[in-house]
Amino acid sequence: MSETERPNPDAATLIRRWFDEVWNQGREEAIDELLSEDATMWGIGRPGEPSKGSSEFKKFHKTMLSALSKMKITLDQVVQEGDTAFARWTVTAKHTGGGLGTEATQKQLKITGISAGRVRDGMIVEAWNIWDQIGMARQLGMLDGPAATLFP
Numbered sequence: 003m004s005e006t007e008r009p010n011p012d013a014a015t016l017i018r019r020w021f022d023e024v025w026n027q028g029r030e031e032a033i034d035e036l037l038s039e040d041a042t043m044w045g046i047g048r049p050g051e052p053s054k055g056s057s058e059f060k061k062f063h064k065t066m067l068s069a070l071s072k073m074k075i076t077l078d079q080v081v082q083e084g085d086t087a088f089a090r091w092t093v094t095a096k097h098t099g100g101g102l103g104t105e106a107t108q109k110q111l112k113i114t115g116i117s118a119g120r121v122r123d124g125m126i127v128e129a130w131n132i133w134d135q136i137g138m139a140r141q142l143g144m145l146d147g148p149a150a151t152l153f154p
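Each residue of the sequence shown is one higher than the one before, counting from 3 in our numbering.
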């Protein structure tokens, strides 16, 4: 079977590849291979506003990788319904660089989240991400006063 005759991978296969290659391996070129240039992504940038395309996602990716080393994402569960895959995941990393609103703390972080990716023609065309940003801020020592007691 030639390269052009290969069937498109399903959504669950693509989301597994996304987390392994883009995040665990840090392969920036995999972003262009897996994410449509006009993809819409929710939950990775500005609150309430989507990010568009691989170029905007690459900025987020670089920020996270420059701030966190020894990053490992474990897929705790992946399920698929139709053209969309849902992944529940856990990140472990060490905060060794700036870029998250504070100087490097050298703290070990554990962050959980859920992502969904809708696929068309073998690429992710829309994604939704919900992750524990408050928990990350608490672990970095960025929450203090009354806010810190709300999220022990």
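Backbone N, C-alpha and C fix where the C-beta goes; we use that ideal spot for every residue, glycine too.
Same chain, Cβ closer than 8 Å to residue i, five either side skipped, listed in chain order
i    : result
G55  : L37, S38, E39, D40, A41
K109 : K96, H97, Q141, L142, G143
Chain-order list of residues whose beta-carbon lies under 6 Å from that of residue i (same chain, five-residue window excluded)
i   : result
I46 : S53, F62, N131
T76 : T92
E5  : Confidence is the limiting factor: at E5 the pLDDT is only 49, short of 50, which leaves the residue's position unreliable and the question unanswerable from this model.
F88 : V81, A118
R29 : E23
Exposure label - residue i; buried when at least 16 CB within 10 Å
i    : result
G84  : exposed
S117 : buried
R8   : Any reading at R8 is ruled out, since the residue's pLDDT is 45, under 50, leaving its predicted position unreliable.
Cβ of residue i within 8 Å of any chain B Cβ
i   : result
W91 : The structure shown contains no chain B; it holds only a single protein chain.
Cα-Cα separation between residue i and residue j, rounded to whole angstroms
i   : j    : result
D34 : P148 : 43 Å
R19 : L70  : 20 Å
Extent of the continuous beta strand (DSSP E) to which residue i belongs
i   : result
D40 : 37-44
Span of the alpha helix (DSSP H) around residue i
i   : result
E58 : 55-69
L16 : 13-19
Inset, instruction - Say whether the segment 29-42 touches the segment 140-148, bearing in mind that this needs 3 or more beta-carbon pairs closer than 8 Å, one atom from each stretch. - result: No, they do not touch.
Inset, instruction - Mind the definition here: the segment 73-84 touches the segment 125-139 only if three or more C-beta pairs lie below 8 Å; say whether that holds. - result: Fewer than three pairs of CB atoms, one per stretch, sit closer than 8 Å, so the segment 73-84 makes no contact with the segment 125-139.
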